Amino acid sequence: MAKFLNKILWATDFSDESLDSLSYAKIFADTFKAKISALHVAPDFSPALYDTAAVIQGELTKRVAAFKSEARIKLEDIQKTRGIVFDIILSEGNASKKIIETAEEIGADLIVMGSKGLSAIEKLFIGSVANHVVRNTSVPLLLTKKGRRKPSMKKILVPTDFSEQEDIERDYAWKLAKGFDSALMFLHVLELHDYEFPPKILDKMMDAVLD
């Protein structure tokens with residue numbers, strides 16, 4: 058029988074949120090005996106190189122190399138200080154696209170990253186990296202906020218609307234709960250708005266939900 062999780066991609070920009078998310082990547086890796094790969098995406102200056110002088114092109118290329126070198130040093134330091142083993146992957150370009158591409162290339166079973174927020178105005182115009190990954194990846198994704206406590210998987214909440222494709226989600230939740238020995242709770246929200254349904258109709262709706 059194939060393992061549930063084999064490879065975990067941890068995407069980091071070294072923000073507090075992304076560094077805290079490593080703790081979650083570790084408990085998933087420890088629980089399911091999975092391997093972690095760390096990805097950092099450096100800025101991509103290539104569009105700016107097309108119409109620039111050779112001297113400027115050379116400088117921008119050096120900066121990208123410097124970003125990658127600095128990122129490797131930081132990741133190696135994280136390995137030592139936190140005692141977590143992971144492969145290091147350094148890339149450059151659009152962060153959300155590279156995260157999605159890398160997850161597919163290495164065959165990741167889970168992406169773990171921090172939900173680093175932008176302002177409401179920034180999200181309106183460009184969205185966040187996390188938002189782009191959520192909308193475009195086919196790989197299961199775990200988004201975490203800046204930690205205020207030690208990561209825990211004691212309870213798992215699964216919102217449900219009884220859609221056709223939901224069997225996949227429920228099966229995934231069951232496997233997580235089994236691995237972590239977690240309590241599993243399903244939530245269905247009945248949106249009634251401001252309209253008051255007659256008691257008989259409410260009873261029929263509840264019967265339909267429970268069937």
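Going by this note's numbering, the first residue of the sequence shown is number 58, and it counts up by one from there.
We put the CB at the ideal spot given by N, CA and C, even for glycine.
Please read these numbers as outputs of a predicted model, since none were measured by experiment.
Asked                                                                                                          : Found
3-residue-minimum beta strand (DSSP E) runs that sit fully inside the segment 185-265, ordered along the chain : 198-201, 212-216, 240-244
Proximity below 7 Å, CB of Ser147 to CB of Lys173                                                              : One detail in the question is off: residue 147 reads as Leu in this sequence, not Ser. Cβ atoms of Leu147 and Lys173: not closer than 7 Å.
Identified DSSP bridge partners for Leu96                                                                      : Ala68, Ile146
Beta-carbon proximity check, Glu162 vs Ala99, cutoff 7 Å                                                       : no
Opening and closing residue of the beta strand (DSSP E) in which Leu62 lies                                    : Element bounds for Leu62: n/a, residue is neither H nor E.
Under the three-state DSSP convention, the category Gly171 falls into                                          : strand
Classification of Trp67 by the beta-carbon crowding that lies within 10 angstroms, buried from 16 upward       : buried
Per-residue burial, Ser209 [other beta carbons within 10 Å of its own, 16 or more giving buried]               : exposed
Residue range of the unbroken alpha helix (DSSP H) whose run includes Asp73                                    : 73-89
Where the alpha helix (DSSP H) through Ala165 begins and ends                                                  : Here Ala165 belongs to no alpha helix (DSSP H), and DSSP marks it neither H nor E.
Rounded C-alpha distance that separates Asn63 from Lys261                                                      : 45 Å
CB of His97 within 7 Å of CB of Ala128, strictly                                                               : yes
Inter-residue Cα distance where the pair is Leu259 and Leu247                                                  : 10 Å
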